[in-house]
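Chains A and B, in that order, give the protein sequences. In this text, residue positions in the first sequence follow this note's numbering: the first is 60, and each later residue adds one. In this text, residue positions in the second sequence follow this note's numbering: the first is 60, and each later residue adds one. Think of the CB as a built atom: it goes at the ideal place given N, C-alpha and C, for glycine as much as any other residue. Computed from a predicted structure; not experimentally measured. What follows is a set of notes on a single structure, which appears directly below.
Number of protein chains: 2
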Amino acid sequence: MANISTLFVALSDPTRRKLFERLAMRAMPVGELAKGIPVTRPAVSQHLKVLREAGLVAVEQDGTRRIYSLDPKGVELTRSYLDRMWNRALLGFKAAAERTD
Amino acid sequence: MANISTLFVALSDPTRRKLFERLAMRAMPVGELAKGIPVTRPAVSQHLKVLREAGLVAVEQDGTRRIYSLDPKGVELTRSYLDRMWNRALLGFKAAAERTD
DNA sequence: TTGATATGTTAGCCATTGCTTACGTAAGTG
DNA sequence: CACTTACGTAAGCAATGGCTAACATATCAA
C-alpha cells in the first residue's frame, strides 16, 4: 500500500474525499456511509477499497457489518510528502537569496 | 483557483508530481523541465497549466522564457486540509474513548 | 523585417475510471 | 435449514484525461 501516487489518486475524487471527510468525523459502517451520498452502495464499496489500499481508512469487522474509520498512516504519509517538498523549496529560496548577495 | 479538488487532482498525476518535485528543488523554464521527462514539451505545458491553476506553481516571465517555481499557497492549502481532517479524527477518537468510560 | 527561440493552444486518439446493475458471500435470526 | 441483512465483486458503459502532432503567439537578434 501507500505510495504517494495511490494516496493522491485516492484523494482526487470528490466522492472518495466526501467519504474520507465523514470518516474523519467518526467511524461508520458502509450502509450509513452510503446514505447522504448520491451514489449506490456498491460504488461506495469500490471507493472504500481505493481509500483502504491507500492507507487512508481502516476496516474492522463487527458481525455482518464493517466499520470503517480514518487511518492516520495515509494522512501522515501525505503530510510528510508535502512537508518534504516545502522544505526543498525553502532551501532553494535560501540558496537563491545567497547567490544574489 | 485552489479548491481542494483542483489541488488533489493536480497532484494525482505522476508526471505532474514529477514536475512539481523538480520545481521544489529550484525554479526552471519550461524547456529545462521538459528535458529528463519522457513526454513532449506541449504535454509539459499542459501539466504546468493544471499545476498553476491549482496554485501549486507560479510563473514569471523572463524574455522569451517563463520561469516556473513552486507556489507556497497551494502547498499550504493542501496541508491545512489534511490537518483539518486529522484534527477531526483526533476529536472523534477522544469522544469515543470518553464514551467507553 | 526576417528569422530563430521559447512557449502556449487545439484536435483527435486511446486508456483510465467512476457509475449502475446483477451476482456472490458471509454472518446473524427464525 | 431457509431467510434476511450487510457487504464485496464483476461486467459493461459513458465520461474524463493525458498524450502526440500540428499550429499559433511572443520575444529577441540581425
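By the beta-carbon neighbour count (other beta carbons within 10 angstroms, threshold 16), Asp-142/B is exposed. Listed in chain order, the beta strand (DSSP E) elements of length 3 or more contained wholly in the region 124–154 of chain A are 124–129. For Arg-100/B, the CB contacts under 6 Å within the same chain, skipping 5 residues up- and downstream, are Ala-93 in chain order. The CB of Leu-70/A comes closer than 7 Å to the CB of Phe-67 in chain B, given here in chain order. When DSSP assignments are scanned along the region 101–127 of chain B, the uninterrupted stretches of beta strand (DSSP E) that are 3 or more residues long and fall wholly within it turn out to be 116–121. Between the region 82–90 of chain B and the region 107–125 of chain B there are three or more inter-stretch CB-CB distances shorter than 8 Å, so the stretches are counted as touching.
Rounded to whole angstroms, the gap between the alpha carbons of Thr-137/A and Ile-96/A is 25 Å. The C-beta of Pro-97/A comes no closer than 7 Å to any C-beta of chain B. At a cut-off of 7 Å between C-beta atoms, Pro-88/B does not count as an interface residue with respect to chain A.
The C-beta separation of Leu-107/A from Asp-130/A comes to about 12 Å, leaving the pair out of contact by the 8 Å criterion. The distance from the Cβ of Val-68/A to that of Ser-64/B is about 13 Å, inconsistent with a contact at the 8 Å cut-off. Using a CB distance cut-off of 7 Å, Ser-139/B does not count as an interface residue toward chain A. For Val-134/A, the chain B residues whose Cβ falls inside 7 Å of its Cβ are Leu-141, Met-144, Trp-145, in order along the chain.
The Cβ neighbour count for Leu-78/A, taken over all protein chains shown within 10 Å, is at least 16; the residue is labelled buried. For Glu-91/A, no chain B residue has a C-beta closer than 7 Å to its own C-beta; the minimum C-beta separation is roughly 14 Å. DSSP, read as helix, strand or coil, puts Pro-73/A in helix.
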